[in-house]
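Note that numbering that gives the first Met the number 0 gives residue 130 to position 131 of the sequence shown, counting from 1, and the numbers run on in steps of one.
All C-beta atoms in this analysis are idealised placements derived from N, C-alpha and C, irrespective of residue type, glycine included.
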Amino acid sequence: MIFDIPEKIIIRRESTRITQEWIEEIFKKFVFENSPWKQEDINIQRVRFSGIPSIPTGKMTYEITQSSAKERFIGNVTLTVDLWVNGDKVRTLGVVGKVEVFGNVYEASRPLKPNEMITMSDLEVHRINLTDNADRFATRQDQIENRRVLRNIGVHQPLELKDLDKPLVLKRGDPVKIVYELPGLSVTAKGQANADAGVGDTLAVTNVSSKKTIYCKVVDAQTVMTVH
């Protein structure tokens with residue numbers, strides 16, 4: 000028996016096309032679920048992907064990984080999308096999108112001079128785009144409390160962290176009063192600071208009587224409180 004075998008056999012398999020809308024949807028979902036920013040502070044745009052935009056028809060699943068374990072999800076964010084069909088890995092796509100982050104920053108409500116201590120009445124809050132300056136400006140109250148400015152700051156000018164400093168109220172070797180707060184009891188002792196520190200800082204203090212070193216939080220220029 001003689002079979003007539005064609006020179007070329009073409010096997011066609013149904014395929015499913017990956018759409019731009021779907022890529023944008025899973026990109027946004029991953030960013031919202033994994034970024035440190037609040038969803039309402041995020042704006043995602045210009046999502047694009049590279050790779051063949053079609054896969055065999057079947058039961059599809061996917062897995063997304065970030066390009067770096069240190070990804071901050073701000074600015075240009077790159078993700079890798081692995082596509083699986085019926086349990087087999089069939090495609091890997093590279094996806095890039097621009098993630099903008101907005102937030103409130105503290106601005107001067109009046110001119111501030113060098114070495115001037117900041118009070119809340121000196122400030123106002125404005126919402127700005129932080130994408131290129133996420134670590135530049137003061138965005139939390141604890142970043143401005145007990146701080147002084149190091150240079151002239153004009154009205155409506157955002158406070159930059161590099162222009163703020165916490166004045167030292169204790170120097171290494173200064174005598175202090177150690178306050179031990181216990182349930183229903185407050186005990187004091189004489190101590191000596193083992194480092195320079197400002198209000199709110201934690202430092203090592205030596206109990207003059209027992210010679211033991213303990214960690215305390217600075218209350219003012221004369222007082223520290225033990226940290227439990």
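Beta-carbon separation (whole angstroms), residue i vs residue j, contact threshold 8 angstroms
i	j	result
Val104	Pro157	5 angstroms
Ser66	Leu82	At roughly 17 angstroms, the Cβ-Cβ gap does not stay under 8 angstroms, so Ser66 and Leu82 are not in contact.
Ser208	Lys189	7 angstroms
C-beta contact flag for residue i and residue j at 8 angstroms
i	j	result
Ile143	Ala107	no
Thr56	Ser14	yes
Val168	Gly197	yes
Asp40	Val100	yes
Ile54	Ile17	yes
Gly50	Gly102	no
Val154	Gln221	no
Asp121	Arg109	yes
Opposing strand residues paired with residue i [DSSP bridges]
i	result
Lys176	Lys189, Thr222
Met59	Val84
Met116	Arg147
Gly93	Ser49, Thr79
Pro157	Glu106
Gly74	Val98
Ser14	Pro55
Ala203	Tyr214
Cut-off 8 angstroms between Cβ atoms - residues of its own chain near residue i, not counting five sequence neighbours on either side
i	result
Val30	Ile41, Ile43, Phe72, Val76, Gly96, Val98
Gln38	Phe31
Val124	Asn103, Val104, Tyr105, Glu106
Gln191	Gly172, Asp173, Pro174, Val175, Val204, Thr205, Val207
Neighbourhood of residue i by C-beta, 6 angstroms cutoff - its chain only, sequence neighbours within 5 removed
i	result
Gly172	none
Arg150	Pro113, Asp162
Leu242	With the chain covering only 0 through 227, there is no way to say anything about residue 242.
Val84	Ile54, Pro55, Gly57, Met59
Reference residue i; option with closest CA among the options
i	options	result
Thr201	Leu181, Val223, Lys210, Thr187	Val223
Val148	Val89, Glu159, Cys215	Glu159
Asp141	Glu23, Thr130, Ser185, Ile117	Ile117
Ile63	Val80, Glu70, Asp131	Val80
Pro52	Lys28, Lys69, Gln19	Gln19
Lys58	Asp134, Val226, Val89, Glu23	Val89
Ala68	Asn33, Asp134, Val84, Arg45	Asn33
Cys215	Lys27, Asn128, Val226, Ile25	Val226
Val217	Val186, Ala203, Gly86	Ala203
Asn193	Pro182, Leu181, Ala137, Lys211	Lys211
Cβ shell of residue i (< 7 angstroms), same chain only, five flanking positions each side left out
i	result
Arg47	Val95
Asn145	Lys165, Gly197, Val198, Gly199
Glu115	Arg147, Val148
Asp195	Leu167, Leu169, Lys170, Arg171
Ala133	Ile73, Val100
Ile22	Val46, Phe48, Val94
Ile213	Val204, Asn206, Thr225
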